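Counting in full-length UniProt numbering, the sequence shown runs without a single skipped number right up to 209 at its last residue.
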Amino acid sequence: MADTDDTVQERRASYHHGDLRGQLLTVVRELVEAHGPEGFSVAEAARRAGVSTAAPYKHFKDRTDLLNALVSDAMDRLSLRMSQERDRHPPGSLEAVAGIGKAYIEFAKDEPGIFRLMFGLTEGHEEDSCLQEKGEACFQIVVGACAAYLGPEAGELAAARCAYMLWTSVHGHAFLSIDRKNSTELKALEDWDFLIAVGSGILGNPSRG
């Protein structure tokens, strides 16, 4: 949807109040969702933000730097949603683990363009230590929930292995869902039922005694 003159004026006012970086990220996020990561230019983002084409380069080195900043912001939001959904359930429960997966899948469905960008379309992820750290922090949320469920006797390696198996399963389900590659029969499978089944299958039912 094209921006109205009023929208551009509001963004220009926001810029003059010192929020150009945040405004550009908002605009690019909208463009990525509408057209994909290849469907925008820095010049177009500047126009929609109501600033000159040179203004974005005060905050970002180039287009890739801008996209990586967008991914960094997305990882913060994903991490927060994962933690919040985990905390809706009793610590150490299977539901707490499933809650993390629920947040992950819902994020993918809410922001499919950004989700795809986070996991395969932005250059330089492997060279950006900040993005690597944020990705690891997201994974550690899963590891921590698995460790709490399995108990201390299981050990850190077991928790990490279970977390990896859960992450890959949920990640694949999320991509199949947003790409609409599920078969007709499987579309009826509720996300929560999937998460509980996968979680119990991977984590088992450790003794609580």
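Don't be surprised by glycine CBs; every beta carbon is placed ideally from N, CA and C. Since the structure is predicted, the reported quantities are computational estimates derived from the model, not experimental observations.
Query, Result
"Which two residues bound the contiguous alpha helix (DSSP H) that contains E156?", "156-178"
"Can you tell me where the alpha helix (DSSP H) holding S79 begins and where it ends?", "63-86"
"When you compare each of G204, V32, D76 to R116 by their alpha carbons, which one comes out closest?", "V32"
"G151: which of V51, G92, A46, F139 sits nearest, CA to CA?", "G92"
"Specify the secondary structure class of D110 as computed by DSSP and reduced to three states.", "helix"
"Can you look up T53 in the DSSP assignment and give me helix, strand or coil?", "coil"
"On a CA-only basis, which of A148, G204, T168 is nearest R86? Give me that one, please.", "A148"
"So, is P90 buried or exposed, given that buried needs 16 or more other C-beta atoms within 10 angstroms?", "exposed"
"What first and last residue would you give for the alpha helix (DSSP H) that runs through D193?", "191-203"
"Three or more C-beta pairs under 8 Å: does that hold for the region 58-68 against the region 133-141?", "no"
"Quick one: Cα of E190 to Cα of V51, how far?", "45 Å"
"Rounded to whole angstroms, how far is the Cβ of L166 from the Cβ of I114, which I believe are closer than 8 Å?", "Not really, about 22 Å apart at Cβ, beyond 8 Å."
"Exposed or buried, what is A43 when buried is set at 16 or more other beta-carbons lying within 10 Å of its beta-carbon?", "exposed"
"With distance defined between alpha-carbon atoms, name the residue in V28, N182, C146, S41 nearest to L94.", "C146"
"Return yes when the Cβ of L25 is within less than 8 Å of the Cβ of D76, no when it is not.", "no"
"Helix, strand or coil, according to DSSP, for R11 in the structure here?", "With a pLDDT of 49 at R11, under the threshold of 50, the predicted position of this residue should be treated as unreliable, though the coordinate-derived value follows. R11: helix per DSSP, three-state reduction."
"Going along the chain, which residues of its own chain have a beta-carbon closer than 6 Å to the beta-carbon of V198, five neighbours each way excluded?", "S169"
"CB-CB under 7 Å to A159, same chain, minus the five flanking residues each way: which ones, in chain order?", "V143, C146, A147, L150"
"Cβ atoms of L67 and P37: under 8 Å apart, would you say?", "yes"
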